[in-house]
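Notes to accompany the following structure.
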Amino acid sequence: MEAFTQHTGTTVPLMNDNIDTDQIIPKSFLKRIEKTGFGEFLFDEWRYLPDRTPNPDFTLNEPQYKEATILISGDNFGSGSSREHAAWALDDYGFRAVIAGSFSDIFYMNATKNGLLPIVLKHEELDVLAGLGVDETITIDLPAQQVITPNGTYSFEIDSTWKHKLVNGLDDIAISLTHDAEIAAYEANIPAYWQ
2 MEAFTQHTGT
12 TVPLMNDNID
22 TDQIIPKSFL
32 KRIEKTGFGE
42 FLFDEWRYLP
52 DRTPNPDFTL
62 NEPQYKEATI
72 LISGDNFGSG
82 SSREHAAWAL
92 DDYGFRAVIA
102 GSFSDIFYMN
112 ATKNGLLPIV
122 LKHEELDVLA
132 GLGVDETITI
142 DLPAQQVITP
152 NGTYSFEIDS
162 TWKHKLVNGL
172 DDIAISLTHD
182 AEIAAYEANI
192 PAYWQ
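Okay, here's the thing in structure tokens:
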């Protein structure tokens, strides 16, 4: 997992509330367990018309948002079923963070476990971010827990364990491997009849 300390990028506003995991990535595309290749299906039913041509009325299809790496959204982002593929699709599309009014607990955990930073801000702060010009960048400073914009700096909360994992680029397997010596010592002391 790539470490996340600071990220500077442009934003794209998708200010809907209650965007669920079926909308983030429809279940028909969940036939693989690899973490890559899902970006092309992100928001598939909104991004494409029935004939698979891009929907010109969908925000992510607007040329000025092509390079955006930070998604701004409304309340209850990622609700619905537990679908790790939703975090994979956002990451594979190129997003490093999602800033919203709130997140479903399961989506928040899945995003963080996969290196995608979910940030909760106040509605008035989201409104400022949604109103930024397409060329205006913001910086997310995870160690300082701040979103730095041309119009001000906003603080956010994050659990210290999630922060540690993200800043150090540690997924669950990497965390387990930090205890390699203890695991080896335990295995060396397992009675022969258990082996």
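So the sequence shown is numbered by the working numbering: it starts at 2 and just counts up by one. C-beta atoms are modelled at their ideal positions from N, C-alpha and C, and glycine is treated no differently. None of these values were measured; they are calculated from a predicted model.
> Mapping DSSP to helix, strand and coil, what is HIS8?
Replying inline: Counted from its first residue, the sequence shown places residue 8 at position 7. It is a strand residue.
>> Using DSSP's beta-bridge definition, name the partner residues of ALA98.
In response: Within the sequence shown, the letter at position 97 stands for residue 98. DSSP, once it has assigned bridges, lists ILE71, LEU118 as partnering ALA98.
> When DSSP labels each residue in this structure, what does VAL168 get in the three-state scheme?
Replying inline: In the sequence shown, residue 168 corresponds to position 167, counting from 1. Correct three-state label for VAL168: helix.
> If we ignore side chains and look at the alpha-carbon of each, how far apart do LEU31 and HIS86 end up?
Replying inline: For the purposes of this step, residue 31 is taken as the residue at position 30 of the sequence shown. For the purposes of this step, residue 86 is taken as the residue at position 85 of the sequence shown. Taking the straight line from one Cα to the other gives about 7 Å.
> Just checking, does the stretch 68 to 76 make contact with the stretch 99 to 115 on the three C-beta pairs under 8 Å criterion?
Replying inline: yes
> Per DSSP, PRO14 forms a beta bridge with which residues?
Replying inline: Translated into the one-based positions of the sequence shown, residue 14 becomes position 13. BP columns for PRO14 point to ILE73.
> Would VAL13 pass as a contact of LEU61 if the rule is Cβ separation under 8 Å?
Replying inline: By one-based count along the sequence shown, residue 13 stands at place 12. By one-based count along the sequence shown, residue 61 stands at place 60. Result yes, Cβ atoms of VAL13 and LEU61 sit closer than 8 Å.
> What is the rounded straight-line gap between the Cα of VAL148 and the Cα of ILE174?
Replying inline: Mapped onto the sequence shown, residue 148 falls at position 147. Mapped onto the sequence shown, residue 174 falls at position 173. Using only the alpha carbons, I get a separation of about 29 Å.
> Do GLY10 and THR70 have their C-beta atoms within less than 8 Å of each other?
Replying inline: Translated into the one-based positions of the sequence shown, residue 10 becomes position 9. Translated into the one-based positions of the sequence shown, residue 70 becomes position 69. Cβ distance < 8 Å, so GLY10 and THR70 count as in contact.
> Of all Cβ atoms in chain C, is any one closer than 8 Å to the Cβ of GLN7?
Replying inline: Of the chains in the structure shown, none is chain C; there is only one protein chain.
> Thinking C-beta only, is THR150 closer than 8 Å to VAL129?
Replying inline: Numbered from 1 along the sequence shown, position 128 holds the residue referred to as residue 129. Numbered from 1 along the sequence shown, position 149 holds the residue referred to as residue 150. Yes.
>> Quick check: the Cα distance between GLU188 and TRP195, rounded to an integer number of angstroms?
In response: Stepping through the sequence shown from its first residue, residue 188 is reached at position 187. Stepping through the sequence shown from its first residue, residue 195 is reached at position 194. Going from the Cα of GLU188 to the Cα of TRP195 covers about 10 Å.
> Can you tell me the Cα-Cα spacing of GLU41 and ALA131, whole angstroms?
Replying inline: As a first step, residue 41 is located in the sequence shown; it is residue number 40 there, counting from the start. As a first step, residue 131 is located in the sequence shown; it is residue number 130 there, counting from the start. Cα to Cα, the separation comes out at about 24 Å.
>> Within the continuous beta strand (DSSP E) that includes ILE20, where are the two ends?
In response: As a first step, residue 20 must be located in the sequence shown, where it is residue number 19. Element bounds for ILE20: n/a, residue is neither H nor E.
> To which residues does DSSP link VAL148 through a beta bridge?
Replying inline: Translated into positions along the sequence shown, residue 148 becomes position 147. VAL148 pairs with ILE141, TYR155.
> For the alpha helix (DSSP H) that ASP128 lies in, which residues bound it at each end?
Replying inline: In the sequence shown, counting from the first residue as 1, residue 128 sits at position 127. It spans 124 to 131 - the alpha helix (DSSP H) in which ASP128 sits, taken as one unbroken run.
> Taking DSSP as the reference, what is the three-state secondary structure of SER161?
Replying inline: Counted from its first residue, the sequence shown places residue 161 at position 160. Looking at SER161 - three-state DSSP - the assignment turns out to be helix.
> Going straight from the alpha carbon of GLU63 to that of ALA185, what length do you get?
Replying inline: Position 62 of the sequence shown, counted from the start, is the residue given in the question as residue 63. Position 184 of the sequence shown, counted from the start, is the residue given in the question as residue 185. Going by the C-alpha atoms only, they are around 53 Å apart.
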